[in-house]
Amino acid sequence: MSLDDAAEELASALGVDKAEVKADLEKLVSYSVPMDEAKQSLRRKYGDAGGGSGGGEPPSKTEITEITPNSGNVTVTARVLTVGKRSIRYEGEEQVIFEGELADTSGAISYTAWTDFSLSPGDTITAGNAGVREWDGEPELNLGQSTTVTLEEEPLSVPYTIGGERDLIDLKPGDRGRTLSVRVIESERKTINGRDGETEILSGEIGDETTRLPFTDWNPHDEIAEGESVRLEDVYVDEFRGVPSVNLTEFTTVESISDVPVSDSGTELSIREAVAAGGVYDVVLTGNVIEVRDGSGLIQRCPECGRVVQNGQCRSHGQVDPSDDMRVKAILDDGTDTVTVILNREQTEAIYDGTLEDALEHARDAMDRDVVAEEIASKLEGREYRIRGSLSVDEYGANLNATEFGDSEDDPKARARAFLSEVSP
Ligand SMILES: [Zn+2]
5 MSLDDAAEEL
15 ASALGVDKAE
25 VKADLEKLVS
35 YSVPMDEAKQ
45 SLRRKYGDAG
55 GGSGGGEPPS
65 KTEITEITPN
75 SGNVTVTARV
85 LTVGKRSIRY
95 EGEEQVIFEG
105 ELADTSGAIS
115 YTAWTDFSLS
125 PGDTITAGNA
135 GVREWDGEPE
145 LNLGQSTTVT
155 LEEEPLSVPY
165 TIGGERDLID
175 LKPGDRGRTL
185 SVRVIESERK
195 TINGRDGETE
205 ILSGEIGDET
215 TRLPFTDWNP
225 HDEIAEGESV
235 RLEDVYVDEF
245 RGVPSVNLTE
255 FTTVESISDV
265 PVSDSGTELS
275 IREAVAAGGV
285 YDVVLTGNVI
295 EVRDGSGLIQ
305 RCPECGRVVQ
315 NGQCRSHGQV
325 DPSDDMRVKA
335 ILDDGTDTVT
345 VILNREQTEA
355 IYDGTLEDAL
365 EHARDAMDRD
375 VVAEEIASKL
385 EGREYRIRGS
395 LSVDEYGANL
405 NATEFGDSED
415 DPKARARAFL
425 SEVSP
């Protein structure tokens, strides 16, 4: 922002003469006072002296908990909890924005700052004339050109964590400005078609003591390599296939740290808890298989896209020469809720107790492909299993892609632990 613009903004916010403000600003800047500090000092000067004569009374303050998507513009005094920096494309232009949460004693709210107000976690600020918009059904503050941000000297105590440090298990889609200490479990370089043509990214899996999550590094950092432990400052979280996914950007700082221990057990949850969480990347569910669904056993896939085809007809590619595969889609019930468990070819072969070739021969002999699914159902239905995998929840329902599949009796200790955690308060 130019000095002239800053003077204009200050003058209109404070209701004083622009030429006067500009002269003061010029003086302060000539003494090497940073622009933001200079602006604050002038706000104090004219704010104190201005009284009610100049620009009218400042709008009365609103408590965060009272803000609704229809609040219009508000003035709040709040503590800055987190600050995340991100580059987005807005109306065709590349723009750097700042996002995070603000809190007062009544509640917390997300914000987006469209200009750099030099916010830092822990700052107590008064944001005057902040816009309110609705995002995902919740109100969110917009700090823009017409917003004034003043740093308060007295810190506001708030019942929230200041700063972005979190465990992986606590991350939710929509989180901004998070700081994580993790180990890189898997990392793969990929070429994608980005908004500016072909670009290289890293994607894989990170873990800490609480859980594991998928990640994408949009601006590959050298420190991100399999087996390395790193501190990631300023990442954001979105949703990928129904589970939280961690995103690193050009603004993320990556620092090598000493070895971070990683959970190797998955989070034990009841099916109701896991579904209510809206998806869990690494979860362990225990329940009874009550039904093996259609589309299990021998199936055929499109060689182009991998979709399951019926009678050689792919929805995208028309008539194709399909390839044979095996899978199971089974309904698992633990008394709290149900999910569909999806087992891959390897897992399905283990249950069927034969290879894909054996299954094809079995179907040819019986002149019926359904015999394979029937045999699998007779082995699975009515029995209890302990299944680890990635649970996604979307409009098609709750699906658990299994990474480990076993009789619940295989691990009685884990079963006892899960039971105890359900019954104890
Ligand atoms: Zn296809």
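Just so we're on the same page, the working numbering is the position in the sequence shown counted from 1, plus 4. Idealized CB from N, CA, C, for every residue including glycine. Quantities reported herein were computed from a predicted structural model and do not represent experimental measurements.
DSSP places Ile-228 in the coil class of the three-state scheme, outside both helix and strand. Across the set Val-266, Tyr-356 and Thr-154, the C-alpha of Val-266 shows the shortest separation from the C-alpha of Ser-233.
Approximately 4 Å separates the beta-carbon atoms of Gly-132 and Thr-152; this is inside 8 Å, confirming the contact. In chain order, the residues that have a beta carbon nearer than 6 Å to some heavy atom of ligand 1 are Cys-306, Glu-308, Cys-309, Arg-311, Cys-318, Ser-320 and His-321. Taking C-beta atoms under 8 Å as the contact rule, Ile-189 and Ile-210 qualify, at a distance of about 6 Å. Counting only residues of its own chain and dropping the five nearest sequence neighbours on each side, Ser-75 has a CB closer than 6 Å to the CB of Val-136. Here the segment 253 to 272 does not lie against the segment 296 to 311, with fewer than 3 beta-carbon pairs under 8 Å apart. A distance below 7 Å between beta-carbons, with the five flanking residues on each side excluded, links Asp-171 to the following residues of its chain, in chain order: Asp-212 and Thr-214. Here the alpha carbon of Asp-140 sits roughly 30 Å from the alpha carbon of Pro-159. Runs of beta strand (DSSP E) with 3 or more residues, each lying fully within the segment 340 to 388, are found at 342 to 347, listed in chain order. Across the structure, Thr-352 and Asp-337 are spaced so that their CA atoms are roughly 19 Å apart. When C-alpha distances from Tyr-400 are compared across Met-371, Val-343 and Glu-13, the shortest belongs to Val-343.
If you draw a straight line from the Cα of Thr-86 to the Cα of Ala-402, it is about 32 Å long. In the three-state reduction of the DSSP assignment, Ser-262 falls in the coil class, being assigned neither a helical nor a strand state.
Membership of Ile-275 in the alpha helix (DSSP H) is indicated by the continuous run 275 to 280. For Ser-16, the enclosing alpha helix (DSSP H) starts and ends at 7 to 18. Of the residues Glu-169, Ser-249, Ala-82 and Asn-223, the one whose Cα lies closest to the Cα of Lys-176 is Ser-249.
Uninterrupted beta strand (DSSP E) stretches at least 3 residues long and entirely within the segment 57 to 125 occur at 78 to 84, 88 to 94, 97 to 107 and 112 to 117, given in chain order.
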